[in-house]
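Chains as they are written, first to last, in the working numbering: chain A, 19 to 419; chain B, 19 to 419. What follows is one structure encoded as structure tokens, with my remarks underneath.
There are 2 protein chains.
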Amino acid sequence: MRSCSVAESARDFFWAVYETGLLNRLSAHVSREWGRLSGRLKITIRDVARAAGVSVTSVSRHLNGQINLPEPTASRIRQAAERLGYRPNAIARRLSSGKSETLGLIIAYPLFAEIASASEAEAARHGYNLLMFNSRNLVEKEVSFLSRIEDRQVDGILLLTNHHDDGRLLRRINETGNVVLLDEDVPGAKAPRLFADNVHGGLLATRHLIARGHTRIAAIGGPRGLLSTTERLDGFTQALGEVGLRADPALLRFCEYEEAPASIAFLDLLEQNEPPTAIFTFGDMLATGAMRAARQAGIRIPDDISLVSFDDIHNADLLAPALTTVRQSAAEFGTRGINMLLDFIAGRKSETVIERVGVELVIRSSVASPHGRPSGRSIAHTGAGSPDGLPVSAREEEQES
Amino acid sequence: MRSCSVAESARDFFWAVYETGLLNRLSAHVSREWGRLSGRLKITIRDVARAAGVSVTSVSRHLNGQINLPEPTASRIRQAAERLGYRPNAIARRLSSGKSETLGLIIAYPLFAEIASASEAEAARHGYNLLMFNSRNLVEKEVSFLSRIEDRQVDGILLLTNHHDDGRLLRRINETGNVVLLDEDVPGAKAPRLFADNVHGGLLATRHLIARGHTRIAAIGGPRGLLSTTERLDGFTQALGEVGLRADPALLRFCEYEEAPASIAFLDLLEQNEPPTAIFTFGDMLATGAMRAARQAGIRIPDDISLVSFDDIHNADLLAPALTTVRQSAAEFGTRGINMLLDFIAGRKSETVIERVGVELVIRSSVASPHGRPSGRSIAHTGAGSPDGLPVSAREEEQES
DNA sequence: CTGAAAGCGCTTACAG
DNA sequence: CTGAAAGCGCTTACAG
Chain A
19 MRSCSVAESA
29 RDFFWAVYET
39 GLLNRLSAHV
49 SREWGRLSGR
59 LKITIRDVAR
69 AAGVSVTSVS
79 RHLNGQINLP
89 EPTASRIRQA
99 AERLGYRPNA
109 IARRLSSGKS
119 ETLGLIIAYP
129 LFAEIASASE
139 AEAARHGYNL
149 LMFNSRNLVE
159 KEVSFLSRIE
169 DRQVDGILLL
179 TNHHDDGRLL
189 RRINETGNVV
199 LLDEDVPGAK
209 APRLFADNVH
219 GGLLATRHLI
229 ARGHTRIAAI
239 GGPRGLLSTT
249 ERLDGFTQAL
259 GEVGLRADPA
269 LLRFCEYEEA
279 PASIAFLDLL
289 EQNEPPTAIF
299 TFGDMLATGA
309 MRAARQAGIR
319 IPDDISLVSF
329 DDIHNADLLA
339 PALTTVRQSA
349 AEFGTRGINM
359 LLDFIAGRKS
369 ETVIERVGVE
379 LVIRSSVASP
389 HGRPSGRSIA
399 HTGAGSPDGL
409 PVSAREEEQE
419 S
Chain B
19 MRSCSVAESA
29 RDFFWAVYET
39 GLLNRLSAHV
49 SREWGRLSGR
59 LKITIRDVAR
69 AAGVSVTSVS
79 RHLNGQINLP
89 EPTASRIRQA
99 AERLGYRPNA
109 IARRLSSGKS
119 ETLGLIIAYP
129 LFAEIASASE
139 AEAARHGYNL
149 LMFNSRNLVE
159 KEVSFLSRIE
169 DRQVDGILLL
179 TNHHDDGRLL
189 RRINETGNVV
199 LLDEDVPGAK
209 APRLFADNVH
219 GGLLATRHLI
229 ARGHTRIAAI
239 GGPRGLLSTT
249 ERLDGFTQAL
259 GEVGLRADPA
269 LLRFCEYEEA
279 PASIAFLDLL
289 EQNEPPTAIF
299 TFGDMLATGA
309 MRAARQAGIR
319 IPDDISLVSF
329 DDIHNADLLA
339 PALTTVRQSA
349 AEFGTRGINM
359 LLDFIAGRKS
369 ETVIERVGVE
379 LVIRSSVASP
389 HGRPSGRSIA
399 HTGAGSPDGL
409 PVSAREEEQE
419 S
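Set out below in structure tokens:
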């Protein structure tokens, strides 16, 4: 037995008073005070049942809306719960029901925080909590977080990883189940996936560069072998192929999706014998890395070199120069991801589905013609009309004057 | 009784096999397979106790490190747990111990996501989870989130609100306890607080403007009455007073910490008969709002009007122009906030402490002299030498060339 | 040192 | 319709 004799006698006293019926005659205000006092005693479902003169079973079922009680009983329960200030204990409910009503989100970088906010909002809409895990892109962390599914801390997890899997992740995912993959793949995993339309994005970005007159185009991708890298590179190569160009291996760089290595890659690219006139970075983190390097080295964008990117991070339109980039909505990843996860958990979604979030080119000011002339609207992307008939979706924002 | 007869018989079968001792002779690999299989049966502490030939009490205590068992017993337990793939059920543990090992964070805007990441990381360092709540700055949401403390879903909450309290928040906080206030105050609340050094920040920003030769200086603050607004305004007024200037009420604007109203306030300010030559925005959101408005209206910063802000958001250095702003570290808010909360919960921190996160001026390119000349380093902030002897901490970053 | 047993506060088959 | 009671999987006084 617990050592809660003080609380116990307080509780007894409370009930002694309560059962005199005196309380019922007190004003609402005083009753509420009582409720608050008793709140300290942790009002449980038993207390409510006692006050309403019914069984805990009835209280539980009524409060969970699993039953339609005759009005007098129902309102007695409701009033008792209200008067006592009853709040069901979520932990106890979880233990007995086996459900946590909580979802988890594993994000690789703090920068994906925008996805976190959107996920939280959507989870809340469905009555779920959102537990956040920051894996810093470390397998050990990811694996350990995933096991929260097993101890029922969370009902399912949205996994956003950013590295190649050595098999550990795959195994863990298939053991725990109830995960949805976001943004990057873990090949073989039994999990629904939500990816960006990477190939199309690569296509749009590269066609835009070509339309502006570039032919010597470099690319800075994420880690080799990652889905995002592979697919965006596909789009890149494909767009080049459309006009009879080929990707020059000397102009291809791959690195983590981080600023520092992108800075290095950028500078390295410009030191080539025949430097590129434009670069396609596969992520805005890569682009800002390049921009910082450019600023320090006195290289002007787009005058000296054009830059097109992928993501459309917050404030990308206010950067110097305003960044031309392929937009993928972080919020959409969060919102749709949560829904896919909920559907998957409920058995409404198969473990083989792959969905895509759409992308669009947002044209701003980081791309000029190879001759250093700022790009005019005259050379607009009608020139990028796609030979294969694919529509070129592009949005133009206000350009810097 | 639950309807788990299949699981039950599977479990019985498992134990029947187990007790033949056959399992012990199987290879580690096969054992692990068994563990995984049995994982489906939910290995509990009882199973471990049974396998190790001890009581659940011993297993619990040993696994929780509350006791030093003689080595043979200890290792039998450890091995059994390992072999069976035992994972303690966090929910059950919470119900019996009354602790959730989870902290909550209520954030007013998705943009505070940087704080969320830092909080998560620090909570994890202490073995805690982080449940994220997105209040969208709504009292109802905040109040409802706070009650998670009462149902023991979380042990404590970091509260970041951004509006004036009508009393509801105060009442709730004092009822639930275990909250730490971040960034903004809820007057009267019994909670430790972590605020930015707002007065000093306002001082630094304004002195910088004055040192560059500005005398007609406007301010766009957050909502009136909010701690951040009041204190930054204090610093503003104080700095003006240092050189015998006074804040012109016609040049003061207050609005939500959002972009849209800041755009309006900015334009409005410039339509004055005697427009200001410089503006101090009390948050970078306000600054970017002003920058967007400026861009659309063809107003150049800093040539037409100078801008100094507060926050130092991500990529502020890459904006056009690079934003001169008072830095407060979002990460520090998260990290220190979590530690304060943990200390408060443990009774190691009083409900009356107010701590401050330091600020520093980061000088970039959004401030010029009132004549439209870009600010040269020659007019550096030595000119802002403070009459009252306060040091002017300022950091200069690379300026745009 | 060790363990049987009560208890945490719910949910939910099962039996009136 | 209604309720007594078992059970979720732990922790922890209490008694050997």
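Here a beta-carbon is modelled for each residue, glycine too, at the ideal position from N, C-alpha and C.
Asked                                                                                                               : Found
Contact set between A/I109 and chain B, taken where Cβ atoms lie within less than 8 Å                               : I109, R112, L113, S118, D169, R170, Q171
Cross-strand partners of A/S324 (DSSP beta bridge)                                                                  : A/A296
Within chain B, the residues that A/N86 reaches when beta carbons sit closer than 9 Å                               : Near A/N86 there are no residues of chain B at all, since even the closest Cβ is about 25 Å away, more than 9 Å.
Neighbour list for B/N152 in chain A, Cβ cutoff strictly below 8 Å                                                  : S135, E138, A139, A142
Partners in chain A for B/A99, counting only beta-carbon separations shorter than 9 Å                               : The contacting residues do not exist; B/A99 stays about 14 Å from chain A at best.
Collapsed DSSP secondary structure at A/A257 in the structure displayed                                             : helix
Three-state secondary structure assigned by DSSP to A/E373                                                          : strand
Meets three-Cβ-pair contact criterion under 8 Å: the stretch 263-277 of chain B and the stretch 286-302 of chain B  : yes
Three-state class that DSSP yields for B/L87 in the structure shown                                                 : coil
Distance CB(A/A338)-CB(A/L325) smaller than 8 Å                                                                     : no
Three-state class that DSSP yields for B/A315 in the structure shown                                                : helix
Simplified DSSP assignment, three categories, for A/T194                                                            : helix
is_contact[A/R7, chain B] using C-beta, thresh 8 Å                                                                  : This structure leaves residue 7 of chain A out entirely; chain A is present only between 19 and 419.
Check whether B/S327 and B/L304 have beta carbons under 8 Å apart                                                   : yes
Cross-chain neighbours of B/R186 in chain A, by beta carbon under 9 Å                                               : Residues of chain A passing the Cβ test: none, with the nearest at roughly 14 Å.
Residue(s) in a DSSP beta bridge with A/A237                                                                        : A/L270, A/F298
Coarse secondary structure for B/I282, derived from DSSP in three states                                            : helix
Three CB pairs or more closer than 8 Å across the stretch 77-96 of chain A and the stretch 152-168 of chain B       : no
For B/Y275 and B/V261, the rounded distance between their alpha carbons                                             : 29 Å
Bridge partner(s) assigned by DSSP for B/E168                                                                       : Answer is none; B/E168 lacks a bridge partner.
Given B/A296 as reference, the closest of B/D329, B/A131, B/S383 once Cα atoms are compared                         : B/S383
Chain-ordered neighbours of A/R105 on chain B, where CB pairs are closer than 8 Å                                   : S165, E168, D169
Neighbour list for A/A338 in chain B, Cβ cutoff strictly below 8 Å                                                  : L336, L337, A338, P339, A340, E418
Among B/V371, B/D361, B/L212, the one whose alpha carbon lies nearest that of B/H144                                : B/D361
Enclosing alpha helix (DSSP H) for B/F130 [first to last residue]                                                   : Counting along the chain, B/F130 falls outside any alpha helix (DSSP H), and DSSP gives it neither H nor E.
Alpha-carbon spacing of B/E292 relative to B/D302, whole angstroms                                                  : 25 Å
C-beta neighbour in chain B for A/T299, strict 8 Å                                                                  : no
Start-to-end residues for the beta strand (DSSP E) that takes in A/L149                                             : 147-152
Proximity to B/N107 [Cα-Cα], best of A/S118, A/E100, A/Y104                                                         : A/S118
Nonlocal neighbours in the same chain, by C-beta distance under 8 Å from A/G231, ignoring five residues either side : S387, P388, H389, I397
For A/L200, the three-state DSSP class (helix, strand or coil)                                                      : strand
Candidates A/S347, A/G259, A/V161: closest to A/R374 by CA position                                                 : A/S347
Min CB distance A/T306 to chain B below 8 Å                                                                         : yes
Best match in B/L148, B/D321, B/D329 for proximity to B/L306 [C-alpha to C-alpha]                                   : The question names Leu, yet the displayed sequence has Thr at residue 306 of chain B. Ranking the options by Cα distance to B/T306, first place goes to B/D329.
Collapsed DSSP secondary structure at A/L178 in the structure displayed                                             : coil
Proximity of A/G103 and A/I63 at Cβ, strictly below 8 Å                                                             : no
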